[in-house]
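By UniProt numbering, the letter at position 33 of the sequence shown is numbered 33, and the numbering carries on one by one without gaps.
Read the structure below first, then the notes.
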Amino acid sequence: MFESLFTETTWDYSILSDEILAFGDALEASGAICTGGVNEWGSPNIVITGTGEEILKVISILPLSVAPQMITELKKEIEQKGKSETSWAIMVIIHLFQFPIAKNSLNCSSIPAATFNVFPTYTECRPEMTNDSIIGTKLALATG
1 MFESLFTETT WDYSILSDEI LAFGDALEAS GAICTGGVNE WGSPNIVITG
51 TGEEILKVIS ILPLSVAPQM ITELKKEIEQ KGKSETSWAI MVIIHLFQFP
101 IAKNSLNCSS IPAATFNVFP TYTECRPEMT NDSIIGTKLA LATG
């Protein structure tokens with residue numbers, strides 16, 4: 001199957017801590033699926049599926065910038081263990097946003113960014129929750 005395919009890379013894994021490497025081995029031993037590829041728009045994507053606890057640890061050990069609503073939902077699922085048995089996934093899509101460096105210029109600069117989505121394998125297993133007081137509001141730029 002596709003998740004068993006091995007892809008060689010020249011990336012330097014020596015920068016990873018022993019804790020992260022041990023967690024990677026634990027994910028592999030548990031049967032978690034870690035895969036990646038390129039979508040139809042040419043953006044690299046990565047998907048990891050596992051238990052709620054494993055996905056939460058992936059988020060915290062790396063540390064990833066995941067929306068507070070997604071983390072709260074994941075923690076609630078972990079608290080309600082046994083109510084619905086489903087695996088969870090984190091999907092990462094890497095984007096490269098390009099913009100002109102000056103007005104009327106054909107030269108561009110770019111900013112890489114990643115989007116993170118966390119969700120259960122079966123949507124009917126998503127825990128019931130509200131978004132009240134998960135995030136606040138803050139004025140970024142006063143224009144008046």
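Built from N, CA and C at the ideal position, the CB exists for glycine as well.
A quick note: this is a predicted structure, and the numbers were derived from the prediction, not measured.
Measure the Cβ-Cβ separation of alanine 89 and phenylalanine 119 and say whether it is below 8 angstroms. yes
Taking the CB atoms as reference points, tell me whether isoleucine 93 and alanine 114 lie closer together than 8 angstroms. yes
Pairwise C-alpha distance: isoleucine 61 and isoleucine 15: 14 angstroms
Terminal residues of the beta strand (DSSP E) in which proline 100 lies: Proline 100 -> beta strand (DSSP E) spans 88-100.
Are glutamate 53 and isoleucine 20 close, meaning C-beta to C-beta below 8 angstroms? no
Spatial distance of proline 68 from lysine 76 (CA atoms): Approximately 12 angstroms between the Cα atoms of the pair.
So cysteine 34 and threonine 86 are supposed to be a Cβ contact under 8 angstroms. How far apart are they, rounded? Not really, about 18 angstroms apart at Cβ, beyond 8 angstroms.
For lysine 81, which residues of its own chain have a beta-carbon under 7 angstroms away from its beta-carbon, when the five flanking residues on both sides are left out? none
8 angstroms Cβ cutoff met for isoleucine 59 and isoleucine 71: Yes, Cβ-Cβ distance for isoleucine 59 and isoleucine 71 is below 8 angstroms.
Beta carbon of glutamate 40 nearer than 8 angstroms to that of methionine 129: The answer is no: Cβ separation not under 8 angstroms.
With DSSP as the reference, please indicate the residues paired to glycine 52 in a beta bridge. Paired residue(s): none; glycine 52 is not in a bridge.
C-alpha gap between serine 109 and serine 84, whole angstroms: 46 angstroms
Endpoints, beta strand (DSSP E) assigned at phenylalanine 37: Inspection of the sequence shows that residue 37 is occupied by glycine rather than by phenylalanine. Note, glycine 37: beta strand (DSSP E), 33-38.
Determine the burial state of valine 66: buried for a count of at least 16 other Cβ atoms within 10 Å of its Cβ, exposed for fewer. buried
Assigned exposure category for glycine 50 - 16 Cβ within 10 Å defines buried: buried
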